[in-house]
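Reviewing the structure listed below.
Numbering (this note's numbering), first residue to last: 73 to 329.
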């Protein structure tokens, strides 16, 4: 498989994961959601095994965080110039996630658990409580940071050579201002916050236009991929449909008294 086709496959997979998960890559920059409201712009970059930029996985993200822990993120993929954003809205009051494709004017919805919403609204823990060992980092956009290094695979895990470094800002409720992923010692992706504005975000960012179509998650995934000249296999669509159904049923059971 050529490097180009391999990264196209990864791009499609990234799109599938984005649409089938309640927490996307950029939104994870607000992990341990702060009680302080703000908006931020984030740049996502990736590199292949030769160190060349992987434009298929590059994007710009606009992230908005409310004081109740709700978030809105709008992702503009470099590989789809001229297309509208793919937006994810996490509403902690309504206990739901809305995924919106503004190009095709459609959206889907899925539930989140009360426990997940409560974690987003809770007072954020310390860096050590979240990541273990932390050390002082450089100032980013005027915010002091702490650095944590995480090995997602762990010793003997599925990715034992993978390492993630995060720069978190105490003044923003430990929001991640920078995140780097390494594989076998080489940098493969980076997410960097390029600007921050403190204060309540625009309320309109947390609502879907009334004229947009409501679709099943798998159908939205298929239409989104087709609109961008990509294809997703029927097997992946069915797996997404079954996974989202099972997840929704589990959360509904948890919500019952």
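Beta carbons: idealized from backbone N, C-alpha and C, even for Gly.
For residue 143 and residue 136, believed in contact at Cβ under 8 angstroms, the rounded distance: By one-based count along the chain shown, residue 136 stands at place 64. By one-based count along the chain shown, residue 143 stands at place 71. The pair is a contact, with the Cβ atoms about 7 angstroms apart (cut-off 8 angstroms).
Backbone secondary structure at residue 249 - three-state DSSP: Taking the chain shown and counting its residues from 1, one reaches residue 249 at position 177. DSSP places residue 249 in strand when its eight states are reduced to three.
CB of residue 265 within 9 angstroms of CB of residue 161, strictly: As a position in the chain shown, residue 265 is number 193, starting the count at 1. As a position in the chain shown, residue 161 is number 89, starting the count at 1. Taking 9 angstroms as the Cβ cut-off, residue 265 and residue 161 do not qualify as a contacting pair.
Three-state secondary structure (DSSP) of residue 173: Position 101 of the chain shown, counting from 1, holds the residue named residue 173. Residue 173 falls in the strand class under three-state DSSP.
Stretch pair the stretch 289-297 + the stretch 179-198: three plus CB contacts closer than 8 angstroms: yes
Delimiting residues of the alpha helix (DSSP H) encompassing residue 292: In the chain shown, residue 292 corresponds to position 220, counting from 1. 289-299 is the extent of the alpha helix (DSSP H) around residue 292.
For residue 101, three-class secondary structure by DSSP: Start at 1 with the first residue of the chain shown, and residue 101 comes out as number 29. For residue 101, the pLDDT reaches just 43, beneath the cut-off of 50, and the residue's location in the model is therefore unreliable, although a value from the coordinates is still provided. In this structure, residue 101 counts as helix in the three-state DSSP scheme.
Test item: CB-CB of residue 268 and residue 244 under 9 angstroms: Indexing the chain shown from 1 puts residue 268 at position 196. Indexing the chain shown from 1 puts residue 244 at position 172. Against a cut-off of 9 angstroms, the Cβ pair of residue 244 and residue 268 comes out as a contact.
Residue range of the beta strand (DSSP E) that includes residue 64: Residue 64 is absent from the structure shown; the chain starts at 73 and stops at 329.
Buried or exposed by the 16-neighbour rule on C-beta atoms within 10 Å, applied to residue 258: Here residue 258 refers to the residue found at position 186 of the chain shown. That one is exposed.
Same chain only: Cβ atoms within 7 angstroms of residue 174, ignoring 5 sequence neighbours per side: Locating residue 174 in the chain shown gives position 102, where the first residue counts as 1. Excluding residues within five positions, the ones whose Cβ falls inside 7 angstroms are 156, 157, 159.
Where residue 112 sits in the DSSP three-state scheme: Along the chain shown, read from residue 1 onward, the residue named residue 112 stands at position 40. Strand.
Where the beta strand (DSSP E) containing residue 322 begins and where it ends: Translated into positions along the chain shown, residue 322 becomes position 250. Not the beta strand (DSSP E): residue 322 falls in the alpha helix (DSSP H), residues 306-327.
Start-to-end residues for the alpha helix (DSSP H) that takes in residue 198: Residue mapping note: residue 198 aligns to position 126 of the chain shown, counting from 1. From DSSP, residue 198 is part of no alpha helix (DSSP H); its letter is neither H nor E.
Environment of residue 154 [buried if 16+ CB atoms lie within 10 Å]: Indexing the chain shown from 1 puts residue 154 at position 82. Label assigned to residue 154: exposed.
Minimum C-alpha distance to residue 209 - residue among 128, 318, 246, 171: Residue mapping note: residue 209 aligns to position 137 of the chain shown, counting from 1. It is 246.
Other residues of its chain near residue 323: CB distance less than 6 angstroms, five sequence neighbours each side excluded: Taking the first residue of the chain shown as position 1, residue 323 is located at position 251. These residues qualify, in order along the chain: 183, 185.
6 angstroms CB neighbourhood of residue 111 in its chain, flanking five on each side removed: Sequence index remark: in the chain shown, residue 111 carries index 39 (1-based). Within the same chain, residue 111 has close Cβ partners 136, 269, 273.
Distance between beta carbons of residue 236 and residue 219, contact taken as under 8 angstroms: Residue mapping note: residue 219 aligns to position 147 of the chain shown, counting from 1. Residue mapping note: residue 236 aligns to position 164 of the chain shown, counting from 1. At roughly 11 angstroms, the Cβ-Cβ gap does not stay under 8 angstroms, so residue 219 and residue 236 are not in contact.
Test item: CB-CB of residue 262 and residue 113 under 9 angstroms: Taking the first residue of the chain shown as 1, we reach residue 262 at position 190. Taking the first residue of the chain shown as 1, we reach residue 113 at position 41. Contact flag unset, no.
Distance, residue 130 Cα to residue 317 Cα: On the chain shown, residue 317 is found 245 positions in, with the first residue counted as 1. On the chain shown, residue 130 is found 58 positions in, with the first residue counted as 1. So the alpha carbons of these two residues sit roughly 30 angstroms apart.
Of the listed residues 138, 206, 120, nearest to residue 277 (C-alpha basis): Numbered from its first residue, the chain shown carries residue 277 at position 205. Among 138, 206, 120, the Cα nearest to that of residue 277 is on 138.
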